[in-house]
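Asker: My structure is below; once you've seen it, I'll send some questions.
See the structure below:
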């Protein structure tokens, strides 16, 4: 008997995990590598940043999900480099991994378009650590405002700016406004919700530009109801500890700024030495493989593939999962048969629609010609997200938490952990002073 | 009308919070200062360290608890110093606080008896950050063992040492053994539970020495059933990255060591310049006030008061809460009346019994002459702890999580967050490398 085909999957997000699940009970050996021990349900990450959900409610250990996949080994390690010529994945810690097939699903990271220094003042939202840091900054801003007697400075402390009017930015802005108005409003004496200002900045001429223009307008109305000021056509010139300076010269004072204006593919893709686009995504063939390397597939946010409208497929989980099933089936078929006799089928994305949530009972959704907004869209969003949350327990816990928040307007996960007590981004001195304490690294 | 009496409370633990609650609806102005925004239900902290509960399930914002206490201001700040002569509490950030009465309830910290360098290798368990760091180390040890091919090194990675056989040490050791055997056992391919070794080291001749000797014996039996090796009379000579060296010269190799062998009062007490004992506790008068300062009270773990048996009252929450009610009533009475005409009543501790949990269906309890062990003691422990958990929501969530863990043997909060992927204590180089990334400070 010949050795079984070795498949290495890089990344335990929606793409990598779906690929591993599709390869269960096939005649291949799978190794899934991720630098995190957990799969993250990213569509709800903004809820962790806004203290609505606890980190463990939207994350499940990858091992637990793949417990019954007896042909799969899960490895917690960082992928350092990929040697396409020798079919090797170099990981740290641990020895390099050989592969017959490689599925790259490393996902995306926050991208500052050449302004990496902005990250310090305006963190993005891609990981649990990001979410806990943003939660920390938002909650500390309210605490600092409670101590502050100068009304001008208190106003700055209670000003929050979200940069980027895509679904993540809209969700964050809506959630900050709700947090301030309902959950925190009754807990503070001085930091009153009426003084809170939430600004959503978008460079283009409308928010949620991937949706129909009529839905963008409805989203702005719903955001305004929550007290969010939406500023379209606002390009950012500079971000500092004091706030944001627009290209128009206007200065927006704010203690807390978050970045939702751009993502790029994982830096792993750039190291491959293959063709990439401006967002660092690998240009893939019609079957999702790398040109010249039929044994290497790139899927999800890290892949650039054009849709029927000649626009790149969006960086959403359905694309990643459908690509994952497509390439896993190709691998399974080729591993079972005798090589690549047939031409591979091309990948075709089936768009089941998209949605964005704004707040309690507020959302928009677009499914083909059907356009929903308000309560109906929100209920649809709720059902879909609860349904796809991996793990029965998490589904129940999240549902419980949402029901609780809905009924009481409270937030259950309002914890500030770690050492810093000042609002705003940490100074470099503070970062250094926390370094020698292992307990503060959590 | 004269100005209302100003009461400053330092610490939002069981003592400080109970004092604030007792002073609600009295004619005093209360300011509660804590450097954390949350009250922590410390008796369940070991469950967070062992991935059974999420941090937000055992912690509630102090503001939320005191939301309806209209005479109370909650301040998130670090107390830098106390000026007893001028009746001032210096905080950072923010201006100093004047007081007419001061209640010091700063609690205890982990104490290494002159070996502060051990903290790096053997963290203690006093805060949520500590718990998340221990959780991280335990989970990373299993991940590293899964990668390891050398059986000797794998054994070291799967060896866990808990130093200190008091209630916290017993709870942690039992919980590690359960985590390895049930929750993780089915998720790993190589790191098998049979190879796991959990050692509980105690310097005295028995564990749980505050209980009746017969219960100590029963605890050892229950720990052995879970697979914990209990070593009494074991004094620690040295702790390194490799493990623990005993005074006998024996070397115990282990990747993960935790410290539950001693606590001392908060360093705030030492700065007061008053009489303290070896554990840094302030010697208080019979009414819990500082000798010479009838307006300053020290309560809870930071106070040294002798019981009827001439032994110091233990550092448990019932002592702190009873002291809190005692001093709050004295303050309320004196603020309402015209000064200190009557002599103050002395504090008397009412001991309602004590208990320690060992694992699923395993515990010991001692209430007066009544001694329980096993399932009955565990059920009693469960009822008491659920009951006292602050906040209706948390009670439900914790109950749900426990029921879930009990039925499925799973653990819901098995998250490794932050940047490090190696097992064991972080090297100083790793600590430095995480410093410049604000997002990793969560």
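Residue numbers (my numbering), protein chains in the order written: chain S, 190 to 631; chain X, 190 to 631.
Note that beta-carbon positions come from the ideal geometry of N, C-alpha and C, so glycine has one too.
Keep in mind it's a predicted model, so treat the numbers as computed, not measured.
Under the assumption that residue 376(S) contacts residue 253(X) (Cβ atoms under 8 Å), give the Cβ distance between them as a whole number of angstroms.
Answerer: Position 187 of the first chain, counted from the first residue, corresponds to residue 376(S). Position 64 of the second chain, counted from the first residue, corresponds to residue 253(X). Right, the Cβ-Cβ distance comes to about 6 Å (below 8 Å), so this counts as a contact.
Asker: Which chain S residues are close to residue 206(X), counting only those with a beta carbon under 8 Å from its beta carbon?
Answerer: Mapped onto the second chain, residue 206(X) falls at position 17. Counting only Cβ-Cβ distances below 8 Å, residue 206(X) has no contacts in chain S at all, with the closest Cβ about 15 Å away.
Asker: What did DSSP end up calling residue 195(S) once you bin it into helix, strand or coil?
Answerer: For the purposes of this step, residue 195(S) is taken as residue 6 along the first chain, with counting starting at 1. Note: residue 195(S) maps to strand in three-state DSSP.
Asker: Between the alpha carbons of residue 621(X) and residue 505(S), how many angstroms are there, rounded?
Answerer: Locating residue 621(X) in the second chain gives position 432, where the first residue counts as 1. Locating residue 505(S) in the first chain gives position 316, where the first residue counts as 1. In this prediction, residue 621(X) has a pLDDT of 47, which is less than 50 and means its spatial position is unreliable; nothing more can be read from the coordinates.
Asker: Considering only the beta carbon of each residue, do residue 238(S) and residue 320(S) sit closer than 9 Å?
Answerer: Start at 1 with the first residue of the first chain, and residue 238(S) comes out as number 49. Start at 1 with the first residue of the first chain, and residue 320(S) comes out as number 131. Yes, Cβ-Cβ distance for residue 238(S) and residue 320(S) is below 9 Å.
Asker: Taking all protein chains shown into account, do 16 or more other C-beta atoms lie within 10 angstroms of the C-beta of residue 196(X), making it buried, or fewer, making it exposed?
Answerer: By 1-based counting over the second chain, the position of residue 196(X) is 7. Answer is buried; the Cβ neighbour count reaches 16.
Asker: Mark residue 338(X) as exposed unless 16 or more other C-beta atoms lie within 10 angstroms of its C-beta, in which case mark it buried.
Answerer: Working through the second chain from its first residue, we reach residue 338(X) at position 149. Burial call: exposed.
Asker: Output needed for residue 501(S): all residues of its chain with C-beta closer than 8 Å, excluding positions within five of it in sequence on either side, in chain order.
Answerer: Reading the first chain from its first residue, position 312 is the one you call residue 501(S). Answer for residue 501(S): 466, 470, 493, 494 and 495, listed in chain order.
Asker: Looking only at its chain, what residues have a beta carbon closer than 7 Å to the beta carbon of residue 478(S), apart from the 5 residues adjacent to it on each side?
Answerer: Indexing the first chain from 1 puts residue 478(S) at position 289. If we look at residue 478(S) and ignore the five residues flanking it on each side, its Cβ neighbours are 485 and 486.
Asker: Can you tell me whether DSSP reads residue 614(S) as helix, strand or coil?
Answerer: Numbered from its first residue, the first chain carries residue 614(S) at position 425. DSSP places residue 614(S) in coil when its eight states are reduced to three.
Asker: Counting pairs of beta carbons, one from the segment 456–466 of chain X and one from the segment 424–444 of chain X, are three or more of them closer than 8 Å?
Answerer: no
Asker: Taking 9 Å as the cut-off, decide whether the C-beta atoms of residue 243(S) and residue 210(S) are in contact.
Answerer: Position 54 of the first chain, counted from the first residue, corresponds to residue 243(S). Position 21 of the first chain, counted from the first residue, corresponds to residue 210(S). Cβ distance not < 9 Å, so residue 243(S) and residue 210(S) don't count as in contact.
Asker: Kindly indicate the opening and closing residues of the beta strand (DSSP E) around residue 222(S).
Answerer: The residue you call residue 222(S) lines up with position 33 of the first chain. Where residue 222(S) is concerned, the enclosing beta strand (DSSP E) stretches over 217–223.
Asker: In chain S, what lies closer than 9 Å to residue 377(X) by C-beta?
Answerer: Position 188 of the second chain, counted from the start, is the residue given in the question as residue 377(X). What residue 377(X) touches in chain S, judged by beta-carbon distance under 9 Å, is 252 and 263, going in chain order.
Asker: Cα separation between residue 383(X) and residue 413(X)?
Answerer: Reading the second chain from its first residue, position 194 is the one you call residue 383(X). Reading the second chain from its first residue, position 224 is the one you call residue 413(X). For residue 383(X) and residue 413(X), the distance between alpha carbons rounds to 14 Å.
Asker: Suppose the cutoff is 8 Å on Cβ atoms and the five residues either side in sequence are ignored; what does the same chain contact list for residue 555(X) look like?
Answerer: In the second chain, residue 555(X) corresponds to position 366, counting from 1. Counting only Cβ-Cβ distances below 8 Å, and skipping sequence neighbours, we find 400, 401, 404, 542, 543, 544 and 561.
Asker: By the three-class DSSP mapping on this structure, what secondary structure does residue 492(S) have?
Answerer: Start at 1 with the first residue of the first chain, and residue 492(S) comes out as number 303. Three-state DSSP puts residue 492(S) in a strand.
Asker: Rounding to the nearest angstrom, what Cα-Cα distance links residue 293(X) and residue 427(X) in this structure?
Answerer: Translated into the one-based positions of the second chain, residue 293(X) becomes position 104. Translated into the one-based positions of the second chain, residue 427(X) becomes position 238. Between residue 293(X) and residue 427(X), the C-alpha separation is close to 35 Å.
Asker: If I measure Cβ to Cβ from residue 219(X) and keep anything under 6 Å in the same chain, skipping five residues before and after, which residues do I get?
Answerer: Within the second chain, numbered from 1, the residue matching residue 219(X) stands at position 30. Excluding positions up to five away in sequence, the list reads 196, 209, 212, 260 and 261.
Asker: Tell me, please, which residues DSSP counts as bridged to residue 349(X).
Answerer: As a first step, residue 349(X) must be located in the second chain, where it is residue number 160. According to DSSP, which records beta bridges pairwise, residue 349(X) is partnered with 387(X) and 445(X).
Asker: Is the CB-CB distance between residue 280(X) and residue 267(X) below 9 Å?
Answerer: By 1-based counting over the second chain, the position of residue 280(X) is 91. By 1-based counting over the second chain, the position of residue 267(X) is 78. Yes.
Asker: Look up residue 226(X) in the DSSP assignment and say whether it is helix, strand or coil.
Answerer: Residue mapping note: residue 226(X) aligns to position 37 of the second chain, counting from 1. Note: residue 226(X) maps to coil in three-state DSSP.
Asker: With DSSP collapsed to three states, give me the class of residue 473(S).
Answerer: Working through the first chain from its first residue, we reach residue 473(S) at position 284. Note: residue 473(S) maps to coil in three-state DSSP.
Asker: Checking contacts by CB at 9 Å: is residue 523(S) closer than that to chain X?
Answerer: Position 334 of the first chain, counting from 1, holds the residue named residue 523(S). So, not an interface residue.
Asker: From the DSSP output, in three-state form, read off residue 407(X) for me.
Answerer: Start at 1 with the first residue of the second chain, and residue 407(X) comes out as number 218. Correct three-state label for residue 407(X): helix.
Asker: Determine the closest residue to residue 577(X) out of 194(X), 231(X), 205(X) and 225(X), with distance taken between C-alpha atoms.
Answerer: In the second chain, counting from the first residue as 1, residue 577(X) sits at position 388. Minimum Cα distance to residue 577(X) is reached at 231(X).
Asker: What residues match up with residue 288(X) in a beta bridge as DSSP calls it?
Answerer: As a working note, residue 288(X) is residue 99 in the second chain. Looking at the DSSP assignment, residue 288(X) forms no beta bridge with any residue, so it has no partner.
Asker: List, from N- to C-terminal side, the alpha helix (DSSP H) runs of 4 residues or more that fit wholly inside the segment 249–293 of chain X.
Answerer: 251–254
Asker: Please state the DSSP three-state secondary structure of residue 621(S).
Answerer: Counted from its first residue, the first chain places residue 621(S) at position 432. Reliability of the predicted coordinates at residue 621(S) is poor, the pLDDT of 47 falling under 50, and the value obtained from them is presented with this limitation in mind. Of the three classes helix, strand and coil, the one that applies to residue 621(S) here is helix, per DSSP.
Asker: Give the residues of chain S in contact with residue 283(X), contact being defined as C-beta atoms less than 8 Å apart.
Answerer: Here the question's residue 283(X) lines up with position 94 in the second chain. Correct list: 336.
Asker: Using Cβ-Cβ distances below 8 Å, what residues of the segment 200–234 of chain S are close to chain X?
Answerer: 224, 225, 226 and 227
Asker: Identify whether residue 323(S) lies in helix, strand or coil by the three-state DSSP scheme.
Answerer: Locating residue 323(S) in the first chain gives position 134, where the first residue counts as 1. DSSP places residue 323(S) in helix when its eight states are reduced to three.
Asker: Report buried or exposed for residue 630(X), applying the criterion of at least 16 other Cβ atoms within 10 angstroms of its Cβ.
Answerer: Within the second chain, residue 630(X) is the residue found at index 441, counting from 1. Residue confidence is low: residue 630(X) scores 32 on pLDDT, short of 50, so the model does not pin down where it sits. No coordinate-derived value is stated.
Asker: Determine the extent of the alpha helix (DSSP H) in which residue 356(X) is found, giving its start and end residues.
Answerer: For this step, residue 356(X) is matched to residue 167 along the second chain. Its alpha helix (DSSP H) spans residues 356–367.
Asker: Could you tell me how far apart the beta carbons of residue 359(S) and residue 396(S) are, in whole angstroms, since I believe they sit closer than 8 Å?
Answerer: Indexing the first chain from 1 puts residue 359(S) at position 170. Indexing the first chain from 1 puts residue 396(S) at position 207. Contact flag correct, Cβ pair sits at about 6 Å.
Asker: What are the residues of the segment 403–415 of chain X that lie near chain S, defined by any Cβ-Cβ distance shorter than 8 Å?
Answerer: Answer in chain order: no residues at all.
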